[in-house]
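Going by this note's numbering, the sequence shown opens with residue 144, and the numbers climb by one from there.
Beta carbons: idealized from backbone N, C-alpha and C, even for Gly.
Below is one structure, written out as structure tokens; the observations come after it.
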Amino acid sequence: MENNKLIIGNMKMNLTLKEVKEYIKQIEPDKNFYVCPPSIYLSYFNDSGYNTGIQNVSEFDMGAYTGEISAIQAVSMGVDLVIIGHSERRMYLHETDEIINNKVKKSLLSGMDVILCVGETLEEKEQNNTKDKLNKQLIEDLKNLDKEDIKYVIVAYEPIWAIGTGKIPTNEEISDISNFIKQVVNNMYGLEPKVLYGGSINDTNIEELNNIDSIDGFLIGGACLKPDKFKKIIETVDKK
Ligand code: PEP
């Protein structure tokens, strides 16, 4: 890797098969970035040489759970990492911290790296409750792990008010929160996790965001769907 920063594209529930085939033609796989496509398309990306992640896994191992995909199954498909606790799943699919903690444990046990998403609402930010919220999420979502597991946990700071809105925190705010997250996990396990920032990153603001030294990478939603924009983001991060 030319840079040490992780770049992860979360495609969410987007793209048809035709669009996936087009996408693969337009952006070369590279060890510097990961894509997390809808799981039905994973083999297209894996077979084309991309590093891949999955957007969710079941909190259960295997068996009669219609529609679910287990961590063990994801690993058997060549998936390297999993996004857990995304605010959309917390809000729309009612995932609790307990469910998220179960998913974190199953994923680590199966050998995947975990991208744990945490973040505050606009209301929580305005009431100065950001750190309380993050502290609670980290303590509950990462409880009862082994110290060694923390090497495979990456925390993505994704303020809910910044996702898909075009609004982003200042570099100072992101840096302060990143250090806070590292400190909370260090207090729990004696190890600091990597921390990513995610929320309204695009091919223009990435240059400024890339100056934040305490950030270990970026989680990108909307902008990863456009190969030209995603490529520009990757190149900007690589250049540093
Ligand atoms: C996300 O939902 O993880 C995300 C970062 O979205 P966007 O980049 O579109 O704000």
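Any non-hydrogen atom of the ligand PEP closer than 6 Å to residue i Cβ
i, result
"Ile365", "A quick correction: the sequence has Gly, not Ile, at residue 365. Under cutoff, so the answer is yes."
"Gly307", "yes"
"Ser250", "no"
"Leu362", "yes"
"Asn153", "yes"
"Gly342", "yes"
Three-way DSSP call (helix, strand, coil) for residue i in this model
i, result
"Asn147", "coil"
"Gly364", "coil"
"Lys174", "coil"
"Ile258", "strand"
"Tyr340", "strand"
"Asp277", "Correcting the residue type first, residue 277 is Leu in the shown sequence and not Asp. Leu277 falls in the helix class under three-state DSSP."
"Val163", "helix"
"Leu288", "coil"
"Leu224", "strand"
"Thr347", "coil"
"Asn330", "helix"
"Val200", "coil"
"Thr264", "coil"
"Asn354", "coil"
"Asn314", "helix"
"Tyr295", "helix"
"Thr195", "strand"
"Tyr184", "helix"
Burial state of residue i (16 or more Cβ within 10 Å)
i, result
"Asn287", "exposed"
"Glu145", "Low local confidence applies: a pLDDT of 48 at Glu145 is under 50, so the model's placement there is unreliable, with the coordinate-based value given in what follows. When all chains shown are included, Glu145 counts as exposed."
"Gly333", "exposed"
"Ser250", "buried"
"Asp284", "buried"
"Gly210", "exposed"
"Ile363", "buried"
"Asp190", "exposed"
"Lys337", "buried"
"His237", "exposed"
"Leu224", "buried"
"Asp359", "buried"
"Gln114", "This structure does not reach residue 114, given that the chain is present from 144 up to 383, and the question cannot be answered."
"Lys248", "buried"
"Asn330", "exposed"
"Ser213", "buried"
"Ser343", "buried"
Rounded separation between residue i and residue j - CA only
i, j, result
"Asn353", "Gly341", "12 Å"
"Gly126", "Ala366", "Any question about residue 126 goes unanswered here, given that the chain covers just 144 to 383."
"Val296", "Asp256", "6 Å"
"Asn157", "Lys164", "13 Å"
"Pro181", "Met220", "13 Å"
"Val261", "Asn322", "14 Å"
"Ile215", "Leu259", "18 Å"
"Arg233", "Ala305", "16 Å"
"Lys246", "Lys268", "27 Å"
"Gly309", "Asp381", "23 Å"
"Pro172", "Gln270", "43 Å"
"Phe442", "Ala207", "This structure gives no information on residue 442, because the portion of the chain shown stretches from 144 to 383."
"Tyr184", "Leu265", "34 Å"
"Gln326", "Val298", "12 Å"
"Phe203", "Tyr235", "20 Å"
"Ile376", "Lys383", "12 Å"
"Glu335", "Asn175", "22 Å"
"Ile311", "Glu301", "10 Å"
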